[in-house]
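**Student:**
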Amino acid sequence: MDYVIGVDIGTQSTKALVVDTHGAIVAQHASSYQPDTPKPLWAEQWPSVWFDAVTECIARCVDKARAAGVASASIKAVCVSSLYGGSGIPVDREIEPLSPCLIWMDRRATAQVQWVRENVDVARLQAITGNGVDSYYGFTKMLWLKQNAPEVWAKTRYFLPPNAYMIYRLTGEIAVDHSSACNIGGVYDVARREWSSEALDRLGIPAAMMPPRLVDSSEVVGPLLPQWAAQLGLEVGTPIVAGGVDAAVATFAAGATRAGQHVAMIGTSMCWGYINQSVDARHGLVAMPHVFNGARDLYVFGGAITAGASITWFREQFCHEENEAARATAHGDPHRLLEDAAARIPAGADGVLFLPYLMGERSPVWDAQASGAFVGLNLFHTRAHCYRAVLEGVSFALKHNMEAGRLGAQRLDDRLIVVGGAAHSDLWMQIIADVTGFPVYTIEQDVEAAMGAALLAALGAGLVSNEDAARGWVTLVERARPDAGRQALYAQRFGIYADLYPALKPLMHRLQTG
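454 is the number that this note's numbering gives to position 454 of the sequence shown; each next residue is one higher, with no gaps.
1. By alpha-carbon positions, which one of 258, 305, 427 ends up nearest to residue 411?
2. Shorter than 8 Å, the distance from the beta carbon of residue 121 to the closest heavy atom of the ligand MG, or not?
3. Helix, strand or coil for residue 265 per DSSP?
4. Measuring CA to CA, which of 340, 469, 432 is closest to residue 293?
5. With a threshold of 7 Å on Cβ separation, who are the neighbours of residue 207 within its own chain once the five nearest residues in sequence on each side are excluded?
6. In whole angstroms, what is the alpha-carbon distance linking residue 390 and residue 356?
7. Considering Cα atoms alone, identify which of 477, 305, 317 is closest to residue 393.
8. Just to confirm, is the Cβ distance from residue 378 to residue 351 under 9 Å?
9. Tell me whether the beta-carbon of residue 232 lies closer than 9 Å to the beta-carbon of residue 224.
10. Pick helix, strand or coil for residue 332, following the three-state DSSP scheme.
11. Answer yes if the segment 88–105 comes into contact with the segment 157–167, meaning at least three C-beta pairs across the two stretches below 8 Å, and no otherwise.
12. What are the start and end residues of the beta strand (DSSP E) that includes residue 159?
13. What would DSSP say about residue 99, mapped onto helix, strand or coil?
14. Please report the distance separating the alpha-carbon of residue 87 from that of residue 346.
15. Runs of 3 residues minimum, wholly inside the segment 67–152: which ones carry the beta strand (DSSP E) assignment?
16. Indicate whether residue 255 and residue 432 have their beta-carbon atoms separated by less than 9 Å.
17. Quick one, which of 354, 212, 91, 7 has its alpha-carbon nearest residue 50's?
18. Could you tell me the boundaries of the beta strand (DSSP E) in which residue 14 lies?
19. What number of angstroms, rounded off, separates the C-alpha of residue 219 from the C-alpha of residue 459?
20. Tell me whether the segment 124–136 and the segment 146–164 touch, counting them as touching only if at least three CB pairs, one residue from each stretch, are closer than 8 Å.
21. Leaving out five residues on either side along the sequence, give the residues of the same chain with a beta carbon under 6 Å from the beta carbon of residue 342.
22. Helix or strand or just coil, what does DSSP make of residue 1?
23. Can you pull the DSSP bridge partners for residue 201?
24. Can you give me the Cβ contacts of residue 3 inside the same chain, cut-off strictly under 8 Å, excluding the 5 residues immediately before and after it?
25. In the DSSP assignment, find the alpha helix (DSSP H) that holds residue 497 and state where it starts and stops.
26. Is it true that the segment 491–511 meets the segment 363–373, where meeting means three or more beta-carbon pairs spaced less than 8 Å apart?
27. Note down the Cα distance separating residue 283 from residue 396, rounded to an integer number of angstroms.
28. With a 10 Å radius around its C-beta and 16 neighbouring C-beta atoms as the bar for buried, classify residue 407 as buried or exposed.
29. Can you give me the start and stop residues for the beta strand (DSSP E) that residue 28 sits inside?
30. Can residue 264 and residue 271 be called in contact, C-beta distance under 9 Å?
31. Give me, in chain order, the residues of the same chain whose beta-carbon lies closer than 7 Å to that of residue 325; leave out the 5 immediate sequence neighbours on both sides.
32. If residue 451 and residue 105 are in contact, beta carbons under 8 Å, what's the gap, nearest whole angstrom?
33. Give me the Cα-Cα distance between residue 287 and residue 279, rounded to the nearest whole angstrom.
34. DSSP beta-bridge partners for residue 271?
35. For residue 439, which residues from the same chain have a beta carbon less than 8 Å from its beta carbon, with the 5 sequence-adjacent residues on both sides left out?
36. Please classify residue 40 as buried or exposed, where buried requires at least 16 neighbouring CB atoms within 10 angstroms.
Below you can see the structure in the form of structure tokens.
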């Protein structure tokens, strides 16, 4: 039996698993960390943190697989997917990092966004790239480095996405997959599937800073170097496959390989996306070549910056009682205690609404100065009301993106697949079904992008066919169906939710600048 390893570098943890060529998991491991947030709206990570996590996860997985009777020689390929790395890692001529990677969550490049809007033909940039202009995108973060860290800019040879840098460390080869390249935003020609010399010239970013080798997500970048083989427990020369942006890879893991299929990945952030063959940036979503059949298909998505992060923030700041109660039990989970209480609160949280804009917001708002808010509070309301309102607020953000997505989708299937940490919550799955009006399905196996990376590894190593990969390895299970009464209530509340941001926007901006 042959095996492969899938690795996914996330915002707060790296996960890896060993599977056979039918997708059966024989070993898995995770390593946790936190991004650095040295200033408000800044979010960055030193790549050494990611690389240490990647090597730890692979080595531990190999050890566990060996204990289960899997020989190292049976592991035929490794694939690495990663969070969207924003600017990418600026590296010098020796491919040594010059500064932390400004990740997707970072919103510092607001002045650069304004410069682009005032000095560049934005409509032309959108037509070339299929993407808009915002501090989410890597090209605006690159411009921030150019202006604010000239010593870094002067020494930068390449900007490397996180997965590309990890693969360089493992193989000595530099290549960027198409999904990561396009997600940088204003420097990639989405129709031609190549770097855009026109856009780079308009933005003042040297084309030489973009690595010349662009590859499909299932392409082998290079063989594992001898110096890593012993540490990882793998054979010298094991093929290392390119991978891609984690949201697209998780969507692939969930079996989304044809037009109309749509998946919500809800972890630290939320990404809802669908498969399409065209994109119109004016609809306000993000586009990139899909990690499967990427020469033809696009992954088009929208997302909230703080989804699960909103839950974590609320729990850590306001739920000390539940946290202490959970610690007092052997396997306590404060989220379970909070959900039990929130489940007793009626849909609509008795009039409380939450805007989950705790780090500005991505689509369809695209406002780095947007901020979070509870609206509708009075003395009757409890912590349970607020917790339910947070779950509902993130679900409204999901629906907000789905409404924008309908404008450009050829079609949307009549079911919504949800992957990520949110899928552990029965209450949240029901709320999402009621808010969106779609039956909600989740993956039976407790896996996400790491499984998609493993499937890409198997495809790249020639262990599975395109047809097998399109069918996928996971089993979907129905978790919730919309209730007509709650759906009607949420439709009314969503109208209020959508009106809140435009009404509060001037005040949010005054607070940010005051």
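Idealized CB from N, CA, C, for every residue including glycine.
**Tutor:** Working from what's here:
1. Locating residue 411 in the sequence shown gives position 411, counting from the first residue. Minimum Cα distance to residue 411 is reached at 258.
2. Although the ligand MG was asked about, the structure shown includes no ligands whatsoever.
3. For this step, residue 265 is matched to residue 265 along the sequence shown. Residue 265: strand per DSSP, three-state reduction.
4. Indexing the sequence shown from 1 puts residue 293 at position 293. Out of 340, 469, 432, 469 has the C-alpha closest to the C-alpha of residue 293.
5. Position 207 of the sequence shown holds residue 207. Around residue 207, the same chain offers 195, 197, 200 as residues with beta carbons nearer than 7 Å, after the five sequence neighbours per side are excluded.
6. Along the sequence shown, one-based indexing puts residue 390 at 390. Along the sequence shown, one-based indexing puts residue 356 at 356. Roughly 7 Å between the two C-alpha positions.
7. Translated into the one-based positions of the sequence shown, residue 393 becomes position 393. Among 477, 305, 317, the Cα nearest to that of residue 393 is on 305.
8. Residue mapping note: residue 378 aligns to position 378 of the sequence shown, counting from 1. Residue mapping note: residue 351 aligns to position 351 of the sequence shown, counting from 1. In this structure, residue 351 lies closer than 9 Å to residue 378 by Cβ.
9. In the sequence shown, residue 232 corresponds to position 232, counting from 1. In the sequence shown, residue 224 corresponds to position 224, counting from 1. Contact: yes.
10. Your numbering for residue 332 matches position 332 in the sequence shown. Note: residue 332 maps to coil in three-state DSSP.
11. Segments in contact, yes.
12. Numbered from its first residue, the sequence shown carries residue 159 at position 159. Looking at the DSSP string, the run of the beta strand (DSSP E) that includes residue 159 is 158–160.
13. Position 99 of the sequence shown, counting from 1, holds the residue named residue 99. The answer is coil: DSSP assigns residue 99 none of H, G, I, E or B.
14. For the purposes of this step, residue 87 is taken as residue 87 along the sequence shown, with counting starting at 1. For the purposes of this step, residue 346 is taken as residue 346 along the sequence shown, with counting starting at 1. Those two C-alpha atoms are separated by around 43 Å.
15. Within the segment 67–152, the runs of beta strand (DSSP E) that reach at least 3 residues and sit entirely inside it are, in chain order, 75–82, 89–91.
16. Indexing the sequence shown from 1 puts residue 255 at position 255. Indexing the sequence shown from 1 puts residue 432 at position 432. Going by beta carbons, residue 255 and residue 432 fall outside the 9 Å limit.
17. Start at 1 with the first residue of the sequence shown, and residue 50 comes out as number 50. Here the closest residue by C-alpha is 7.
18. The count along the sequence shown starts at 1 and reaches residue 14 at position 14. It spans 13–20 - the beta strand (DSSP E) in which residue 14 sits, taken as one unbroken run.
19. Taking the first residue of the sequence shown as position 1, residue 219 is located at position 219. Taking the first residue of the sequence shown as position 1, residue 459 is located at position 459. Distance between the alpha carbons of residue 219 and residue 459: 8 Å.
20. Remark: fewer than three beta-carbon pairs, one from each stretch, lie closer than 8 Å, so the segment 124–136 and the segment 146–164 are not flagged as touching.
21. Numbered from its first residue, the sequence shown carries residue 342 at position 342. Result list for residue 342: 384, 387, 388, in chain order.
22. Numbered from 1 along the sequence shown, position 1 holds the residue referred to as residue 1. Looking at residue 1 - three-state DSSP - the assignment turns out to be coil, as it is neither helix nor strand.
23. Taking the sequence shown and counting its residues from 1, the one referred to as residue 201 is at position 201. None; residue 201 has no bridge partner.
24. By 1-based counting over the sequence shown, the position of residue 3 is 3. Taking residue 3 as the centre and dropping the five residues before and after it, the same chain places the C-beta of 18, 19, 20, 21, 26, 65, 70, 74, 75, 76 closer than 8 Å to its C-beta, in chain order.
25. Position 497 of the sequence shown, counted from the first residue, corresponds to residue 497. Judged by DSSP secondary structure, residue 497 falls within the alpha helix (DSSP H) whose first and last residues are 484–513.
26. Yes, they touch.
27. Against the sequence shown, residue 283 aligns to sequence position 283. Against the sequence shown, residue 396 aligns to sequence position 396. Note on geometry: alpha-carbon atoms of residue 283 and residue 396 lie some 18 Å from one another.
28. Start at 1 with the first residue of the sequence shown, and residue 407 comes out as number 407. Counting of Cβ neighbours within 10 angstroms places residue 407 among the exposed residues, the total staying below 16.
29. If you number the sequence shown from 1, residue 28 lands on position 28. Start and end: 25–32.
30. One-based indexing of the sequence shown puts residue 264 at position 264. One-based indexing of the sequence shown puts residue 271 at position 271. Pairing residue 264 with residue 271 gives a Cβ-Cβ distance under 9 Å.
31. Start at 1 with the first residue of the sequence shown, and residue 325 comes out as number 325. The residues are 332, 337.
32. Within the sequence shown, the letter at position 451 stands for residue 451. Within the sequence shown, the letter at position 105 stands for residue 105. So it is not a contact: roughly 24 Å between Cβ atoms.
33. By one-based count along the sequence shown, residue 287 stands at place 287. By one-based count along the sequence shown, residue 279 stands at place 279. Linking residue 287 to residue 279 through their CA atoms gives a straight-line distance of about 7 Å.
34. Taking the sequence shown and counting its residues from 1, one reaches residue 271 at position 271. DSSP lists 265, 303 as the bridge partner or partners of residue 271.
35. Walking along the sequence shown from the start, residue 439 turns up at place 439. For residue 439, where only same-chain residues beyond five positions count, the Cβ hits under 8 Å are 414, 415, 416, 433, 478, 480, 481, 482.
36. In the sequence shown, the residue the question calls residue 40 occupies position 40. Exposed.
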